Amino acid sequence: MNQVERSTVVGSQSVPQQHGKSSADRSEIHRKLLTPNKSHMFGDLSGRVITLLCAGLLIVVTLSITYFIASKGIATFAFDGVSLSEFLSSSKWDPEDEPAQFGAFSYILGSFIVTVIAALIAAPLGIGAAIFMTEIAPNFGKKVLKPVVELLVGIPSVVYGYVGLTLLVPLIRDSFNVLGFSLLAGGIVLSIMILPTVTSVATDAIETVSQDLRNASLALGATRWQTIWNVVLHSAMPGCLTAVVLGMARAFGEALAVQMVIGNTTKLPGSLLDPTSTLTSGITLNMGNTIPGTAYNNALWSMGLLLLIMSFLFIVLIRILGRKKMV
Amino acid sequence: MKDRLATVLLTLIAVIIIAILFGLLGFILKNGAAKLNWHFLTSPPDLLNPGGGIGPQLFNSFYLLFLTMAIALPIGLGAGIYMAEYAPDNKFTQFIRLSIEVLSSLPSIVVGLFGLLVFVNLTGWGYSIIAGAFALTVFNLPLLVRITEDAIRSVPRDQKEASYALGVTKWKTITTVILPAAIPGIITGAILASGRVFGEAAALLFTAGMSSPDLVYSNFDLNSPTSPLNVFRPAESLAVHIWKVNTEGLVPDARAVADGSAAVLVIAVLIFNIGARWFGRWLYRRMTSASAS
């Protein structure tokens, strides 16, 4: 581009360097126009470098999180002689015993069950609300339901845990005559927490379905529900699944809200109404009370590493879903 | 018939969700209303007798928020500008995008664990506000980058090209043309992010700690452990306090303190949320002199 400018300028006049004194001013202007302003160039370059450093920092942070958590989490298996299969499949968790037992299966199972309960409740509600917002009452949806969902996102997780503890746990206790702290309580609290995530992502997915598809379906004589069920939901399916997986990822990693209502026992649960633990609740409760470097402490880091790996797996799943395109 | 049924069912779902929100807010505010007085908001907690307050916790929460935003906002802005304006379509950019995705879906307890390793132990700071602020920065950064990038991308192309046509360099264009136009979006997003930071607890348990020293508000010596501004002292935030009171429950009036704290936290988050909308709209009108919308 610079080259083109120069040649046109030169072309329109005689060669600038050979000008006499009379056109000194003009050649001065030429010179100024044609040589880059040093301070501007410097500002341009430094701006680019600074923003690049900021963006690069994201990579550094991600890599160092992976490195630090992994290096601590692997210690259980490398130094403390706990086998990976025992850690993942045994439900004997007794870190103070001689020899100490580090079977984290009940934690892992607890995490998966509460996540599944949360998804089972939040998926129909969230996708239903998304359909309502886009297909049935767009105006009401945009003016009332959307702000409501956004406010639900903003409510802190400890508040959900606290409400679960003071409202849900006694409710379950009274209606089923059990302890109240249970997988069910954890699942319900999580389902309300992930509901806004599922709703907003599913809404985005359904909104991108082309209006032509709807019109075509309606023109064929399909009712609104038939259109929603056969056409809209079908083509928004990957997006809706992504919404649910994102919600599950959030549920799996949520710590305090679950910890407050799950009961924190290390036994395998017999039913949904039994108390148990999750990976996150185990870490939350014990990380502060154990001595760094001991086998017990390292086992907690291994649980943290497991959370990290699960979070990676959820991302892989979301990426696979994102690549799928249904017509 | 089926169509009618489906409509009713879907409407019911919408009603349920609205009922959940108002039920939650009503429950929390009704329970906490009795505690919402000046004494509760300013006095320190009392471990032995009922009647303790949440003064230091409230202060810590705001101080943490301030420090977090002071660290995270410049980095988030820079990275957002890079992603929107400079990032070429190559492997490196894809890797940055992947990093943002990983960071934003990271469980906050894992961020807390990372903070414990790096900002608490490795740096030797111990449980401290500064460690908490860095952990919250990690937690908050991906969101801020996305907000900045989206806000910048929504600036009309014409404005940028008009600036280029005047011979302005790219960086000058960004700072004098694009950023001012993107500011309302960025500020709205940043206030919403502040609400998230304000309520975050899991990332703070093992970084800012679960205790707060007695604060002397007239003490401005930054090295003194009782100075509220000292960034190397442990600081229990309001959200952490709610968790601690509920799980340990050593305080005699634990339930009442938890009720009051939850109400304060929810009110703060509501203010952030509604404030962000209102401020964003006001700023937009102010800067674009748009009378409609």
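Heads up: the sequence lines are chains W and D, in that order. If you read the first sequence in our numbering, its first letter stands for residue 194, the second for the next number, and so on. If you read the second sequence in our numbering, its first letter stands for residue 493, the second for the next number, and so on. Positions of the beta carbon are idealized from the N, C-alpha and C atoms, including for glycine. Since the model is a prediction, treat every value here as computed from it, not as a measurement.
C-beta neighbour in chain D for residue i, strict 8 Å
i         : result
CYS433(W) : no
PHE507(W) : yes
ALA322(W) : yes
LYS265(W) : yes
MET480(W) : yes
VAL202(W) : Below a pLDDT of 50, predicted positions are generally treated as unreliable, and VAL202(W), at 43, falls in that range; no measurement from the model is reported.
GLY347(W) : yes
ALA248(W) : yes
ILE310(W) : no
VAL254(W) : yes
Any non-hydrogen atom of the ligand SAM within 7 Å of residue i CB
i         : result
THR469(W) : Looking for the ligand SAM in the displayed structure turns up nothing, as the structure carries no ligands at all.
C-beta neighbour in chain W for residue i, strict 8 Å
i         : result
ILE567(D) : yes
ALA552(D) : One point to set straight first is that residue 552(D) is Asn, not Ala, in the sequence displayed. With 8 Å as the cut-off, ASN552(D) does not count as an interface residue toward chain W.
ASN765(D) : yes
GLU641(D) : no
THR503(D) : yes
THR499(D) : yes
GLU740(D) : no
ALA693(D) : yes
LEU516(D) : yes
ILE679(D) : no
GLY687(D) : yes
MET575(D) : yes
SER783(D) : At SER783(D), the pLDDT of 46 sits below 50, so the modelled position is not reliable; the number obtained from the coordinates is stated separately. It does not: the Cβ of SER783(D) has no partner Cβ on chain W nearer than 8 Å.
Integer-rounded CB distance, given that residue j should sit under 8 Å from residue i
i         : j         : result
ALA627(D) : ALA695(D) : 5 Å
GLY475(W) : MET453(W) : Rounded, the Cβ-Cβ distance is 14 Å, inconsistent with contact.
GLY547(D) : LEU533(D) : 7 Å
THR680(D) : PHE558(D) : Going by Cβ atoms, the distance from THR680(D) to PHE558(D) rounds to 19 Å, so no, they are not a contact pair.
PHE374(W) : PRO468(W) : 4 Å
Where residue i falls, given that 16 or more other Cβ within 10 Å makes a residue buried
i         : result
ALA537(D) : The amino acid occupying residue 537(D) in the given sequence is Pro; Ala does not appear at that position. It counts as buried.
PRO530(W) : Because chain W spans 194 through 520 in this model, residue 530(W) falls outside it and cannot be assessed.
VAL425(W) : buried
LEU439(W) : buried
ARG443(W) : buried
PRO648(D) : exposed
ASN332(W) : exposed
VAL134(W) : Summary: the structure shown does not reach residue 134(W), with chain W confined to residues 194 through 520, and so no result is reported for it.
LYS527(D) : buried
GLU289(W) : exposed
PHE712(D) : exposed
GLU641(D) : buried
ALA755(D) : buried
ASN646(D) : It should be noted that the sequence gives Ser, not Asn, for residue 646(D). The residue in question, SER646(D), is exposed, as its Cβ has fewer than 16 Cβ neighbours within 10 Å.
GLU653(D) : exposed
GLN549(D) : buried
LYS336(W) : exposed
LEU714(D) : exposed
PRO672(D) : exposed
Cutoff 7 Å; reference residue i; Cβ partners in own chain excluding five residues on either side
i         : result
ALA750(D) : ILE734, VAL737 and ASN738
HIS531(D) : GLY545
SER703(D) : PRO726 and GLU728
ASN195(W) : Note on ASN195(W): pLDDT 46, under 50, position unreliable in the model; no value is reported.
GLY687(D) : VAL761, PHE764 and ASN765
Cβ neighbours of residue i in the same chain (closer than 6 Å, five flanking residues each side left out)
i         : result
VAL758(D) : ILE520
GLU677(D) : The question names Glu, but residue 677(D) in the sequence shown is Gly. Cβ within range, chain order: ALA643.
ALA395(W) : GLY319, ILE320, ALA323, CYS433 and ALA436
Min CB distance residue i to chain C below 8 Å
i         : result
ARG417(W) : Of the protein chains in this structure, namely W and D, none is chain C.
Cβ shell of residue i (< 8 Å), same chain only, five flanking positions each side left out
i         : result
GLY446(W) : THR473, LEU500, MET503 and SER504
LEU637(D) : Contrary to the premise, residue 637(D) reads as Val rather than Leu in this sequence. Cβ within range, chain order: GLY568, ALA571, GLY572, MET575 and ILE592.
SER312(W) : Here residue 312(W) is Ala; the residue named in the question, Ser, does not match the sequence. For ALA312(W), where only same-chain residues beyond five positions count, the Cβ hits under 8 Å are SER384, ILE387, VAL437, GLY440, MET441 and ALA444.
THR615(D) : ALA623
ASP273(W) : PHE295, ALA488, ASN491 and ALA492
VAL689(D) : LEU556, LEU557, THR560, MET561, LEU628, PHE631 and ASN632
query = Listed in chain order, which residues of the segment 647-674 of chain D have Cβ atoms closer than 8 Å to some Cβ of chain W?
reply = From the segment 647-674 of chain D, only THR661, LYS662, TRP663, LYS664, ILE666 and THR667 have a Cβ closer than 8 Å to chain W.
ask   = Going along the chain, which residues of the segment 749-760 of chain D sit with their C-beta nearer than 7 Å to a C-beta in chain W?
value = Sequence-ordered contacts of the segment 749-760 of chain D with chain W read ALA750, ALA754, LEU757 and VAL758 [C-beta pairs closer than 7 Å].
Near-chain D residues of the segment 220-241 of chain W (beta-carbon distance less than 7 Å), N- to C-terminal order = Residues HIS233, GLY236, ASP237, GLY240 and ARG241.
request  = Please list the residues of the segment 591-614 of chain D that have a C-beta atom closer than 9 Å to any C-beta atom in chain W, keeping them in chain order.
outcome  = Under the 9 Å Cβ criterion, the segment 591-614 of chain D contributes SER591, ILE592, GLU593, VAL594, LEU595, SER597, LEU598, PRO599, SER600, ILE601, VAL602, VAL603, GLY604, LEU605, PHE606, LEU608, LEU609, VAL610, ASN613 and LEU614.
ask   = If contact means a Cβ-Cβ distance below 7 Å, which residues of the segment 715-738 of chain D contact chain W?
value = So the close ones are ALA731, ILE734, TRP735 and ASN738.
ask   = Going along the segment 349-361 of chain W in order, which residues come within less than 9 Å of chain D, judged by CB to CB distance?
value = For chain D, the residues of the segment 349-361 of chain W that bring a beta carbon within less than 9 Å of one of its beta carbons are PRO349, SER350, VAL351, VAL352, TYR353, GLY354, TYR355, VAL356, LEU358, THR359 and LEU360, in chain order.
message = Tell me which residues of the segment 375-388 of chain W have at least one Cβ-Cβ distance to chain D shorter than 8 Å, keeping chain order.
response = Cβ contacts with chain D: ILE385 and LEU388.
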